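A.B. asks: I have a structure I would like to understand better, so I am pasting it below and will then ask my questions one at a time.
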Ligand SMILES: Cc1cc2nc3c(=O)[nH]c(=O)nc-3n(C[C@H](O)[C@H](O)[C@H](O)COP(=O)(O)OP(=O)(O)OC[C@H]3O[C@@H](n4cnc5c(N)ncnc54)[C@H](O)[C@@H]3O)c2cc1C
Ligand code: FES
Ligand code: FES
């Protein structure tokens, strides 16, 4: 049961650590790489607080071994804002529309929404609700989360048009 | 929850995976999407000493159609099934069912091979495979073999798959053009296994049902192929008596557990509702 050299690209930077094969991706990120943005809510694959992006898809990092992500490209909530710290449209929209209360689900919600808007840049309300159906929030009742994601989609579309 | 310790292997061919399984013996397990196995390992209900991750084996991936036969590689993910143009055209009940499994994150990693090989009666794909009369293609130390989905499931977590074998693909004849289909699943919330679910595939001609295949999820310790229920519909015009006979035939073979999803009577009754709804929706879709 020897340790493995695990390498991945995390938030655009090469990351590497020696870890046991049984190390879960969430523990690798939080404990070996000190990225404590992704949270552990349920530890059973239900709540989505641990959601990160892995090779272009949303995954629940409490149910993935770091060894499975060896060589992968991973994005966590820490990688969503611009390098200069300017908030992403989704982060701004969550603030503007009160898309969070305690904030525990928020890193997973935003990381998931970030991928959802790449899969579907102008989702309907139903599509947003289905898209975040793997992310639970105990506080907000979802209304403002859905509003925030929808507002961010509009904002991103306007910015894209302006750039053209 | 921390799983027990194990050594990790990532072979790049089926032959290599089969050889690793043979060399490592009893305490080796294959790892597909990990979304059934890792939760079991966290609970220490599974304690494999070696995990053989199949993710790098290209020959286990992909969906193809050839002369009416559909082949799906074991490592094809549920999200890929939902996005498949081949399945949307030839077998839309597969994406319809995959969409009722868990949530987007789980479907991004969970594979069809893991779903059918797992042997958990809560898994949704096995009953559908029985309705489609699919064959499972298996590679092992003695060569390749095929097992029909209808004969694969012995009891909860006991299947025809022997130690040392790898499920490589699923193969079935696409239902004829114009067939009607529906997968109806009652669940308490998104991400829950079925209280009861039913797959129905039928063909109609001139207002008469020519053939009907029905199978049930999570109302026994295996998926249940409801052969008599299908027979009750074949040859009829799907009148109320025929549908009632099919519903009763399906309910008669259920053996649900009483658990958080409800007592036995309730789950049996929900089975009837799922079968009825699935027949109605399938009939409305049939051309
Ligand atoms: C929150 C949550 C909700 C879920 N809800 C549902 C649901 O509603 N319906 C549903 O059907 N499923 C559900 N699942 C389970 C999910 O669909 C799993 O992905 C699936 O059951 C197993 O597929 P996997 O690829 O993850 O397999 P793994 O977990 O990797 O493997 C499962 C088992 O099959 C064996 N195995 C896997 N692939 C092969 C192969 N090619 N050859 C031989 N043996 C193999 C493994 O050794 C293991 O014993 C849920 C899971 C979670 C975490
Ligand atoms: S902590 Fe991973 S899904 Fe809840
Ligand atoms: S804001 Fe508290 S859990 Fe979502």
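Protein chains in written order, with the numbering used here: chain H, 1 to 164; chain W, 165 to 451. Positions of the beta carbon are idealized from the N, C-alpha and C atoms, including for glycine. Quick caveat: nothing in here was measured; it's all calculated off a predicted structure.
Taking 8 Å as the threshold, find out whether the region 246 to 254 of chain W comes into contact with the region 200 to 215 of chain W through three or more Cβ pairs.
C.D. replies: Judged by Cβ distances under 8 Å, the region 246 to 254 of chain W makes no contact with the region 200 to 215 of chain W, as fewer than three pairs qualify.
A.B. asks: Does DSSP put residue 114 (chain H) in a helix, in a strand, or in coil?
C.D. replies: Residue mapping note: residue 114 (chain H) aligns to position 114 of the first chain, counting from 1. Note: residue 114 (chain H) maps to helix in three-state DSSP.
A.B. asks: Give, in chain order, every residue of the region 31 to 56 of chain H whose Cβ lies closer than 8 Å to some Cβ of chain W.
C.D. replies: Against chain W - using a Cβ distance shorter than 8 Å - the residues of the region 31 to 56 of chain H are 43, 44, 45, 46, 48 and 51.
A.B. asks: Starting from residue 257 (chain W), trace the alpha helix (DSSP H) in both directions and tell me its first and last residue.
C.D. replies: For the purposes of this step, residue 257 (chain W) is taken as residue 93 along the second chain, with counting starting at 1. It spans 257 to 262 - the alpha helix (DSSP H) in which residue 257 (chain W) sits, taken as one unbroken run.
A.B. asks: For residue 198 (chain W), which residues in chain H fall below 9 Å Cβ to Cβ?
C.D. replies: Position 34 of the second chain, counted from the start, is the residue given in the question as residue 198 (chain W). Ordered by position in chain H, the residues that pass the 9 Å Cβ test against residue 198 (chain W) are 63, 64, 65 and 68.
A.B. asks: Below 8 Å CB to CB, which residues in the same chain sit around residue 418 (chain W) once its five sequence neighbours on both sides are set aside?
C.D. replies: Taking the first residue of the second chain as 1, we reach residue 418 (chain W) at position 254. If we look at residue 418 (chain W) and ignore the five residues flanking it on each side, its Cβ neighbours are 360, 380, 383, 384, 388, 431, 432 and 435.
A.B. asks: Assign residue 160 (chain H) to one of two classes, buried (16 or more other C-beta atoms within 10 Å of its C-beta) or exposed (fewer than that).
C.D. replies: The residue labelled residue 160 (chain H) in the question sits at position 160 within the first chain. Label assigned to residue 160 (chain H): exposed.
A.B. asks: Report the neighbours of residue 357 (chain W) on chain H: residues whose CB is nearer than 8 Å to its CB, in chain order.
C.D. replies: Against the second chain, residue 357 (chain W) aligns to sequence position 193. Correct list: empty, because the minimum Cβ distance to chain H is about 12 Å.
A.B. asks: Closer than 8 Å between beta carbons: that is the criterion. Which residues of the region 249 to 279 of chain W meet it against chain H?
C.D. replies: Listed by position along the chain: 266, 267, 268, 269, 270, 272 and 273.
A.B. asks: Output yes if chain W places a C-beta closer than 8 Å to the C-beta of residue 59 (chain H); else output no.
C.D. replies: Counting from one through the first chain, the residue named residue 59 (chain H) turns up at place 59. Yes, its Cβ sits closer than 8 Å to a Cβ of chain W.
A.B. asks: Rounded to a whole number of angstroms, what is the C-alpha to C-alpha distance between residue 51 (chain H) and residue 272 (chain W)?
C.D. replies: Within the first chain, numbered from 1, the residue matching residue 51 (chain H) stands at position 51. Within the second chain, numbered from 1, the residue matching residue 272 (chain W) stands at position 108. In a straight line, the C-alpha of residue 51 (chain H) is about 12 Å away from that of residue 272 (chain W).
A.B. asks: What three-state label does DSSP hand residue 95 (chain H) in the structure shown?
C.D. replies: Taking the first chain and counting its residues from 1, the one referred to as residue 95 (chain H) is at position 95. Helix, per DSSP.
A.B. asks: Output needed for residue 167 (chain W): all residues of its chain with C-beta closer than 6 Å, excluding positions within five of it in sequence on either side, in chain order.
C.D. replies: Residue mapping note: residue 167 (chain W) aligns to position 3 of the second chain, counting from 1. 205 and 206, listed in sequence order.
A.B. asks: Smallest Cα separation from residue 321 (chain W): which of W:253, W:291, W:285 and W:339?
C.D. replies: Sequence index remark: in the second chain, residue 321 (chain W) carries index 157 (1-based). Among W:253, W:291, W:285 and W:339, the Cα nearest to that of residue 321 (chain W) belongs to W:285.
A.B. asks: Just to make sure I have the definition right: I need the residues of chain H whose C-beta is within less than 7 Å of the C-beta of residue 165 (chain W). Which are they?
C.D. replies: Here the question's residue 165 (chain W) lines up with position 1 in the second chain. The answer, in chain order, is 43.
A.B. asks: Please list the partners that residue 124 (chain H) has in chain W, where partner means a Cβ-to-Cβ separation under 7 Å.
C.D. replies: Translated into the one-based positions of the first chain, residue 124 (chain H) becomes position 124. Residues of chain W passing the Cβ test: none, with the nearest at roughly 16 Å.
A.B. asks: Report the partner residues of residue 4 (chain H) according to the DSSP bridge assignment.
C.D. replies: In the first chain, residue 4 (chain H) corresponds to position 4, counting from 1. Beta-bridge pairing links residue 4 (chain H) to H:19.
A.B. asks: Using Cβ-Cβ distances below 9 Å, what residues of the region 212 to 235 of chain W are close to chain H?
C.D. replies: Listed by position, the residues of the region 212 to 235 of chain W near chain H (Cβ gap below 9 Å) are 213, 215, 217 and 219.
A.B. asks: In this structure, does DSSP put residue 440 (chain W) in helix, strand or coil?
C.D. replies: Counting from 1 along the second chain, the entry for residue 440 (chain W) is found at position 276. Correct three-state label for residue 440 (chain W): helix.
A.B. asks: Answer yes or no: the CB of residue 199 (chain W) versus the heavy atoms of ligand 2, is any distance below 7 Å?
C.D. replies: Mapped onto the second chain, residue 199 (chain W) falls at position 35. Flag unset: Cβ of residue 199 (chain W) not near ligand 2.
A.B. asks: Have a look at residue 230 (chain W) and residue 309 (chain W) and give me their C-alpha separation to the nearest angstrom.
C.D. replies: Here residue 230 (chain W) is taken as the residue at index 66 of the second chain, counted from 1. Here residue 309 (chain W) is taken as the residue at index 145 of the second chain, counted from 1. Whole-angstrom Cα-Cα distance: 20 Å.
A.B. asks: Ligand 2: which residues have Cβ under 6 Å from any of its heavy atoms, chain order?
C.D. replies: Any residue whose Cβ sits closer than 6 Å to a heavy atom of ligand 2 makes the list: H:40, H:41, H:42, H:43, H:45, H:46, H:47, H:48, H:49, H:50, H:60 and H:62.
A.B. asks: For residue 5 (chain H), is the classification buried or exposed, using 16 other Cβ atoms within 10 angstroms of its Cβ as the cut-off for buried?
C.D. replies: Within the first chain, the letter at position 5 stands for residue 5 (chain H). Per the 10 Å Cβ criterion, exposed.
A.B. asks: Out of W:165, W:335 and W:331, point me to the one whose CA is closest to residue 63 (chain H)'s CA.
C.D. replies: Residue 63 (chain H) sits at position 63 when you count from the first residue of the first chain. Cα-wise, what sits closest to residue 63 (chain H) is W:165.
A.B. asks: Grouping DSSP H, G and I as helix and E and B as strand, with all else coil, what is residue 279 (chain W)?
C.D. replies: Within the second chain, the letter at position 115 stands for residue 279 (chain W). Note: residue 279 (chain W) maps to helix in three-state DSSP.
A.B. asks: Buried or exposed: residue 46 (chain H), going by 16 or more other Cβ atoms within 10 Å of its Cβ?
C.D. replies: For the purposes of this step, residue 46 (chain H) is taken as the residue at position 46 of the first chain. Burial call: buried.
A.B. asks: Around ligand 3, which residues pass a check of Cβ closer than 5 Å to any of its heavy atoms?
C.D. replies: With the cut-off at 5 Å, the residues found are H:100, H:101, H:102, H:104, H:105, H:137, H:138 and H:139.
A.B. asks: Leaving out five residues before and five after residue 169 (chain H) in sequence, what residues of the same chain have Cβ atoms less than 8 Å from its Cβ?
C.D. replies: Examination of residue 169 (chain H) is not possible in this model, given that chain H is present from 1 through 164 alone.
A.B. asks: At 8 Å on the CB atoms, spell out the chain W contacts of residue 133 (chain H), in chain order.
C.D. replies: Locating residue 133 (chain H) in the first chain gives position 133, where the first residue counts as 1. Here the neighbours are 267, 268, 354 and 355.
A.B. asks: Give the residues from the region 12 to 33 of chain H that approach chain W closer than 7 Å (Cβ to any Cβ), ordered along the chain.
C.D. replies: Of all residues in the region 12 to 33 of chain H, 20, 21 and 22 have a Cβ within less than 7 Å of some Cβ in chain W.
A.B. asks: Short of 7 Å Cβ to Cβ, which residues in the region 101 to 115 of chain H face chain W?
C.D. replies: Residues: none.
A.B. asks: Taking the beta carbon of residue 152 (chain H) as the centre, do at least 16 other beta carbons fall within 10 Å, making it buried, or is it exposed?
C.D. replies: Along the first chain, read from residue 1 onward, the residue named residue 152 (chain H) stands at position 152. Per the 10 Å Cβ criterion, buried.
A.B. asks: If you measure from the CB of residue 286 (chain W), is any heavy atom of ligand 1 nearer than 7 Å?
C.D. replies: Residue numbering aside, residue 286 (chain W) sits at position 122 when the second chain is read from its first letter. Yes.
A.B. asks: Since residue 123 (chain H) and residue 65 (chain H) are thought to touch, with beta carbons under 8 Å apart, how far apart are those beta carbons, to the nearest angstrom?
C.D. replies: Here residue 123 (chain H) corresponds to residue number 123 of the first chain, with the count starting at 1. Here residue 65 (chain H) corresponds to residue number 65 of the first chain, with the count starting at 1. Not really, about 31 Å apart at Cβ, beyond 8 Å.
A.B. asks: Once DSSP output is grouped into helix, strand and coil, what is the label at residue 243 (chain W)?
C.D. replies: On the second chain, position 79 is the one that residue 243 (chain W) refers to. Of the three classes helix, strand and coil, the one that applies to residue 243 (chain W) here is helix, per DSSP.
A.B. asks: On a CA-only basis, which of H:150, H:8, H:27 and H:34 is nearest residue 90 (chain H)? Give me that one, please.
C.D. replies: Locating residue 90 (chain H) in the first chain gives position 90, where the first residue counts as 1. It is H:150.
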